Amino acid sequence: MRGASGEPGFLSDGNMRLLLFGGKGGVGKTTASAATALELALRHPEKSLLLISTDPAHSLQDSFSGAKPPPNLKVLELDAQAYLHDFQEKNRQRLREIASRGTFLDEEDINRFMELSLPGMDELMAFLEISRWIKEGAYDGIIMDTAPTGHTLRLMEMPDMIRKWLEALDALLAKHRYMKKLFRGSYERDDLDHFIEGLAASVKQMEKLLKDHRQCRFVPVMLAEALSIEETLDLIRELQRLRIGIVDVVINRLYPESPCLTCRHVRAHQLQELARIFKEPGFSKLRLWGVPMYPEEIRGMESLRSFWEGLTEWAPSTGEAPLSLPPVTPRVDSPVPLPTPDMAMLVFAGKGGVGKTTLACATALRLARAYTGKRILLFSADPAHSLADCLNMPLGPDPKQVAPGLWAMEMDATADFVALKNQYLKELAQFLSRLMPNLDLTFDREVMERIMDLSPPGVDELMALAAVMDFLTPEGYDLLVLDAAPTGHLIRLLELPEIIEGWLKAFFSLFLKYRKIFRLPGISQRLVRLSKDLKRLRAILRDPS
48 MRGASGEPGF LSDGNMRLLL FGGKGGVGKT TASAATALEL ALRHPEKSLL LISTDPAHSL
108 QDSFSGAKPP PNLKVLELDA QAYLHDFQEK NRQRLREIAS RGTFLDEEDI NRFMELSLPG
168 MDELMAFLEI SRWIKEGAYD GIIMDTAPTG HTLRLMEMPD MIRKWLEALD ALLAKHRYMK
228 KLFRGSYERD DLDHFIEGLA ASVKQMEKLL KDHRQCRFVP VMLAEALSIE ETLDLIRELQ
288 RLRIGIVDVV INRLYPESPC LTCRHVRAHQ LQELARIFKE PGFSKLRLWG VPMYPEEIRG
348 MESLRSFWEG LTEWAPSTGE APLSLPPVTP RVDSPVPLPT PDMAMLVFAG KGGVGKTTLA
408 CATALRLARA YTGKRILLFS ADPAHSLADC LNMPLGPDPK QVAPGLWAME MDATADFVAL
468 KNQYLKELAQ FLSRLMPNLD LTFDREVMER IMDLSPPGVD ELMALAAVMD FLTPEGYDLL
528 VLDAAPTGHL IRLLELPEII EGWLKAFFSL FLKYRKIFRL PGISQRLVRL SKDLKRLRAI
588 LRDPS
């Protein structure tokens with residue numbers, strides 16, 4: 048076994064309380080996290096370790112292939128829905144009581160928003176459960192196999208999301224606290240205050256741990272391929288912005304030197320791609336570790352135990368001459384029939400790393416050549432966009448023509464939802480100032496301002512996806528080609544329309560119920576348009592023709 052200086056910190060440093068493995072789909076995150084957990088469990092039999100998956104499309108148990116891990120290592124594929132259900136059962140009465148203390152809105156109104164904000168919060172509740180384990184010292188170390196990049200970045204931002212949700216709950220209690228203090232002369236914090244404070248403390252504890260480089264590390268896993276490198280660079284930049292510690296990067300499936308011409312060709316291509324990353328500022332202070340391409344799939348205890356044996360620290364190669372080979376022309380004996388010309392939407396979906404983006408781009412280009420009279424829009428719903436990297440050109444939230452008859456765009460989900468919130472806040476402020484300019488509605492105003500923070504997580508992505516429906520018009524585009532997020536994230540996204548429609552109905556009910564005193568015509572029209580776009584999206588997704 049190598050000495051501490053000859054191996055990465057995530058193997059040599061036994062004091063890590065939280066290790067997170069992440070990266071593009073299909074790069075080997077699950078294998079790397081499982082192999083690390085097994086190695087640490089065998090090295091430190093006195094320590095209690097937990098290997099956990101936060102990917103909705105779990106594959107941890109597959110890595111162990113039915114084998115039983117060491118007694119000091121627990122393997123858990125997180126059932127986020129179960130944690131959400133447990134949270135609801137334990138705290139439903141508390142949430143209702145918080146709502147009843149709130150504002151001029153009645154209990155039914157606020158309860159509707161509270162219930163709707165919980166579906167989709169399953170991952171938040173799972174996040175809090177992990178935080179509780181760490182706070183209580185349930186395990187000496189936790190190794191997390193995270194979802195593909197885009198989903199993982201949302202997980203890293205969850206402390207801020209939970210904080211906003213808790214601030215919305217706290218705003219509902221503020222008026223009650225003030226009235227009690229006014230009439231009793233003092234206010235003693237009660238069970239509801241302690242409930243919110245306890246959740247806030249858990250979030251703060253987790254956020255503190257994520258940014259503590261001595262106890263928490265994020266390990267990006269990548270392949271020596273252009274799209275994987277670009278996505279890893281984006282991931283590292285975002286993690287550095289969030290101040291989450293990164294020391295080591297794992298480059299998986301590196302081809303060794305070989306007399307085999309095909310292997311030499313792949314290795315030459317890998318070396319060429321890797322040469323670029325050493326010029327990137329984000330990699331300058333990181334240690335890169337190469338793992339060789341193994342002849343067989345890594346599954347089961349024996350192969351997991353040997354996974355790190357071929358590990359070597361990677362540096363720019365100076366000894367190998369570049370390999371010059373003639374370009375290979377792909378041959379397709381019998382191409383798949385093209386979709387019918389009246390097709391409205393094509394969705395490319397599947398596990399991360401299987402080639403969804405490549406196939407979406409290639410198909411869109413092929414269709415643009417075949418159907419010269421049609422206008423085609425290629426767009427990405429994956430939070431970790433790769434379209435621009437695949438097409439090798441900059442893309443943004445507005446359609447850009449990339450070929451005759453073909454336009455492409457990468458949705459900016461956050462910007463659309465922020466714009467909606469800003470419009471709501473502006474119109475609410477104008478309405479309240481006109482309604483009662485001389486009356487202080489401080490508490491009611493704050494509650495109304497924070498209603499948007501009770502929106503279901505994922506509403507931003509679905510809003511952006513629904514907005515694309517506006518392009519599917521005779522004046523817009525004839526066909527939409529969607530490069531979807533990896534399986535788990537996509538399934539969640541496809542489940543959301545029904546939840547979001549319930550959220551919209553809660554707003555419409557509110558506007559109707561208080562129509563004589565509560566009027567926000569601009570935001571009402573925008574929500575009506577969103578509702579229509581969602582219905583159209585659901586209709587298209589359910590129509591196989």
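Under my numbering, read the sequence shown as residues 48 to 592, first letter to last.
Every residue, glycine too, gets a C-beta built ideally from N, C-alpha and C.
All figures in this text were calculated on a predicted structure; none of them were measured in a lab.
Contact check, residue i vs residue j, beta carbons under 8 Å
i: SER178; j: SER100; result: no
i: LEU98; j: SER80; result: yes
i: LEU58; j: GLU86; result: yes
i: GLU320; j: ALA271; result: yes
i: GLY400; j: VAL268; result: no
i: LEU393; j: PRO386; result: yes
i: PHE639; j: MET191; result: Past the boundaries of the shown model lies residue 639; the chain is included only from 48 to 592, so the question cannot be answered.
i: MET456; j: PRO446; result: yes
i: THR77; j: SER112; result: no
i: ASP102; j: ALA194; result: yes
Residue i versus the options, residue with shortest Cα-Cα distance
i: THR359; options: GLY347, SER353, TRP336 and MET348; result: TRP336
i: HIS260; options: PRO92, LEU581, LEU66 and LEU529; result: LEU66
i: ALA221; options: MET208, ASP109, ILE243 and ILE209; result: ILE243
i: LEU531; options: LEU85, GLU508 and ARG143; result: Reading the sequence as shown, one finds Ala at residue 531 and not Leu. ALA531 has its Cα closest to that of GLU508, out of LEU85, GLU508 and ARG143.
i: PRO303; options: HIS316, ILE293, GLY292 and LEU246; result: HIS316
i: LEU274; options: GLU548, ASP436 and GLN572; result: ASP436
i: LEU526; options: HIS432, ALA417 and ALA553; result: ALA417
i: ASP389; options: ILE423, PHE395 and GLY400; result: ILE423
i: MET203; options: ASP459, THR419, ASP237 and ARG264; result: ARG264
i: SER477; options: PRO568, ALA460 and GLY399; result: Rather than Ser, the amino acid found at residue 477 in this sequence is Gln. Closest by alpha carbon: PRO568.
i: LEU581; options: GLY549, SER556, ILE570 and LEU467; result: GLY549
i: THR466; options: PRO195, SER480, LEU438 and ILE570; result: The amino acid occupying residue 466 in the given sequence is Ala; Thr does not appear at that position. Minimum Cα distance to ALA466 is reached at ILE570.
i: VAL338; options: TRP361, MET348 and GLU349; result: TRP361
i: GLU545; options: THR461, ARG139, LYS579 and GLY523; result: LYS579
i: MET63; options: ILE181, LEU125 and MET172; result: ILE181
i: PRO475; options: LEU125, ILE587, ASP463 and MET499; result: Position check: residue 475 holds Leu in this sequence, whereas Pro was assumed. Checking every option, the nearest Cα to that of LEU475 belongs to MET499.
i: SER427; options: ALA514, LEU351, SER502 and PRO342; result: ALA514
i: ALA460; options: VAL297, PRO444 and SER106; result: PRO444
i: THR404; options: ALA415, LEU412, LEU434 and ASP380; result: LEU434
i: ILE608; options: ARG314, LEU289, PRO521 and ASP240; result: A query on residue 608 cannot be resolved here, the shown segment of the chain reaching from 48 to 592 and no further.
Secondary structure of residue i, DSSP reduced to three states
i: CYS263; result: strand
i: ALA391; result: coil
i: PHE490; result: Residue confidence is low: PHE490 scores 49 on pLDDT, short of 50, so the model does not pin down where it sits. Its coordinate-derived value is still stated next. DSSP places PHE490 in helix when its eight states are reduced to three.
i: LEU142; result: helix
i: GLY56; result: helix
i: ASP580; result: helix
i: ASP217; result: helix
i: ALA466; result: helix
i: MET63; result: coil
i: GLY397; result: coil
i: ARG589; result: helix
i: TYR130; result: helix
i: ASN485; result: Because ASN485 sits at a pLDDT of 45, beneath the cut-off of 50, its placement in the model cannot be relied upon, and the following sentence gives the value as read from the coordinates. Of the three classes helix, strand and coil, the one that applies to ASN485 here is coil, per DSSP.
i: ARG573; result: helix
i: MET440; result: coil
i: GLU548; result: helix
i: ILE324; result: helix
i: LEU282; result: helix
i: GLY366; result: Summary for GLY366: the model assigns pLDDT 46, below 50, so the residue's position carries little reliability; its value from the coordinates is reported in the next sentence. DSSP places GLY366 in coil when its eight states are reduced to three.
i: ASP459; result: coil
i: SER233; result: coil
i: ALA531; result: coil
i: ALA428; result: coil
i: TYR471; result: helix
i: ARG49; result: With a pLDDT of 40 at ARG49, under the threshold of 50, the predicted position of this residue should be treated as unreliable, though the coordinate-derived value follows. DSSP places ARG49 in coil when its eight states are reduced to three.
i: ASP109; result: helix
i: CYS307; result: coil
i: VAL294; result: coil
DSSP bridge partner residues for residue i (one or two, in chain order)
i: GLN448; result: TRP454
i: GLU360; result: TRP336
i: PHE68; result: ASP192 and VAL266
i: LYS121; result: LEU97
i: ILE423; result: LEU453 and LEU526
i: ASN299; result: LEU270
Say whether the segment 274 to 287 touches the segment 88 to 99, bearing in mind that this needs 3 or more beta-carbon pairs closer than 8 Å, one atom from each stretch. In this structure the segment 274 to 287 does not touch the segment 88 to 99; the number of beta carbon pairs closer than 8 Å is below three.
Contact the segment 287 to 298 vs the segment 318 to 336: 3+ CB pairs below 8 Å: By the Cβ rule, the segment 287 to 298 counts as touching the segment 318 to 336, because three or more pairs are nearer than 8 Å.
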